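Reviewing the structure listed below.
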Amino acid sequence: MTSTPRVFRLAAPLAIASALGACTEPLDYDMRGRMGGSVDTSQAALSAIAERPEPDERGLISYPNYQVAVARNGDTVTEVANRVGVPAGELARFNGRQPQDGLRDGEVLALPGRAPTPTTATTAPIQPARSVDITTLASAAIDQSPATPARAPSPAPIQGGVEPIRHQVSRGETAYTIARLYNVTPRSLADWNGLDSDYAVREGQFLLIPVVQKAAPKVAATPVPGAGSPTPQPPSASHALPKDEPSVAASAAKATATPAKPVADIGQSKPTVSSAAMTMPVDGNIIRDYAKGKNEGIDIAAAAGTSVKAAASGTVAAITTNTENVQILVVRHPDDVLSIYTHVDGLSVVKGDAVSRGQTIGKVRSGDPSFLHFEVRKGFDSVDPMTFLR
1497 MTSTPRVFRL AAPLAIASAL GACTEPLDYD MRGRMGGSVD TSQAALSAIA ERPEPDERGL
1557 ISYPNYQVAV ARNGDTVTEV ANRVGVPAGE LARFNGRQPQ DGLRDGEVLA LPGRAPTPTT
1617 ATTAPIQPAR SVDITTLASA AIDQSPATPA RAPSPAPIQG GVEPIRHQVS RGETAYTIAR
1677 LYNVTPRSLA DWNGLDSDYA VREGQFLLIP VVQKAAPKVA ATPVPGAGSP TPQPPSASHA
1737 LPKDEPSVAA SAAKATATPA KPVADIGQSK PTVSSAAMTM PVDGNIIRDY AKGKNEGIDI
1797 AAAAGTSVKA AASGTVAAIT TNTENVQILV VRHPDDVLSI YTHVDGLSVV KGDAVSRGQT
1857 IGKVRSGDPS FLHFEVRKGF DSVDPMTFLR
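Each residue of the sequence shown is one higher than the last, beginning at 1497 in the numbering used here.
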């Protein structure tokens, strides 16, 4: 029986350094970008960040693959759960909170599944979301208790455009390290998630990663007629270019050379060089194809212990594990491309390592069946890996 692979979150556990001096913004306790490193969160400020969508009447923001609830001033977790029609205990556990916990105005809570619509029978349990993004971890089993009736008169609209990544905070992460990982500003991360003035995050918390808007292409200014320097006249306009004639030595060699006799094909084949942007990370049959919103990558059958190769040259951007100790490895490539490998063991690289195409980075994890889950992301969007592998 083929098990359905899960898709996982990214994480970057980092050491905390102390910061000195007074400042008007909360201190960045992970200051690698300001201590001789090559990464600096301030570069993210150059990107245009989209505004977080407005929630509906119940406080829901709905995307194709998940929903989040936005708290109002004075809300508790239970009050938010009652308003959107989900069990308070489920909502609290999924977000690492207690049902009676107070929430900040604008704070975001991730829903463990889809909230019932006004026309849905409220006695039915919440069904888990069919697909989750790479930043979402499988959580505790959903209780089968009935949902509280929803008060909203209309279903939540599905947001269009780019679906934000949901990131679940791991131990040791801060708003600054998470912002740096996704190349956004800590301020925008706080605004999208209703963080407090200290930008505090907690282990297990789900965060929406702000959507970065692509900058409009620069349009060159139209010169005033008659302005500018005149176009130089090419040499060929007045004098013909000389003919490219072979040298005396080349002509003599051509005259004395004898035509090569054809060699019979005795089964030897010439090695072919692939022109694909990426190479298959393991050899095996694809047992689950890419399906946007359902399976954000491909699953490749391979025996446990099979070497996993880097699909292309790049830098190891993140290594983490989910709650079931399934390892996730992310490699960053040029042009904002990420390759993601899950169900791997025996990693031979660490975060920050440069890897080359075809380099062994780990082994296929044992399973029933054993397989490698492989994704390719362009920015925040998943793409069909086969477009890079063909």
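The C-beta atom is built at its ideal place from N, Cα and C for all residues, glycine as well.
The structure presented is a predicted model; accordingly, all values stated were derived computationally and were not measured.
If I'm right that residue i touches residue j with Cβ under 8 Å, what's the distance once you round it to whole angstroms?
i       : j       : result
Trp1688 : Leu1704 : 5 Å
Ser1835 : Met1774 : 7 Å
Tyr1559 : Glu1659 : 5 Å
Val1576 : Gly1555 : 7 Å
Val1840 : Arg1861 : 6 Å
Ser1878 : Lys1805 : Not really, about 21 Å apart at Cβ, beyond 8 Å.
Pro1881 : Gly1793 : 6 Å
Pro1682 : Ala1671 : 5 Å
Gln1563 : Ala1611 : 6 Å
Asp1601 : Asn1569 : 4 Å
Ile1545 : Pro1706 : 5 Å
Ala1798 : Leu1868 : 6 Å
Ile1782 : Ile1796 : 6 Å
Gly1690 : Glu1603 : 4 Å
Phe1702 : Arg1667 : So it is not a contact: roughly 15 Å between Cβ atoms.
Phe1870 : Tyr1837 : 6 Å
Val1697 : Glu1669 : 7 Å
Thr1811 : Ala1850 : 5 Å
On the DSSP bridge list, what partners appear for residue i?
i       : result
Gly1810 : Val1851
Ile1815 : Leu1825
Glu1871 : Ile1836
Val1778 : Answer is none; Val1778 lacks a bridge partner.
Ser1866 : Paired residue(s): none; Ser1866 is not in a bridge.
Leu1843 : In DSSP, Leu1843 forms no bridge with anything.
Ser1771 : Partner(s): none; Ser1771 has no beta bridge.
Ile1545 : Val1708
Ile1654 : Ser1558
Asn1791 : Ala1787
Please report the residue range of the alpha helix (DSSP H) in which residue i lies.
i       : result
Leu1587 : 1584-1590
Asp1877 : Careful: Asp1877 lies outside any alpha helix (DSSP H), inside the beta strand (DSSP E) at 1877-1879.
Leu1599 : Looking at the DSSP string, Leu1599 is not in any alpha helix (DSSP H), and its letter there is neither H nor E.
Val1580 : 1573-1580
Leu1885 : 1882-1885
The beta strand (DSSP E) spanning residue i covers which residue range?
i       : result
Thr1856 : 1856-1860
Ala1565 : 1563-1566
Leu1605 : 1604-1606
Lys1805 : 1803-1805
Asp1795 : 1794-1797
Ile1557 : 1556-1558
Requested in this report: Check whether the segment 1575-1589 touches the segment 1598-1615, taking contact to mean three or more Cβ pairs, one atom from each stretch, closer than 8 Å.
Outcome: yes
**Report entry** contact_flag[the segment 1811-1829, the segment 1857-1877] where n(CB pairs < 8 Å) is 3 or more
**Finding:** yes
Report task. Taking only runs that begin and end inside the segment 1659-1706, name each unbroken alpha helix (DSSP H) of 4 or more residues, in chain order. Result -> 1671-1678, 1682-1689
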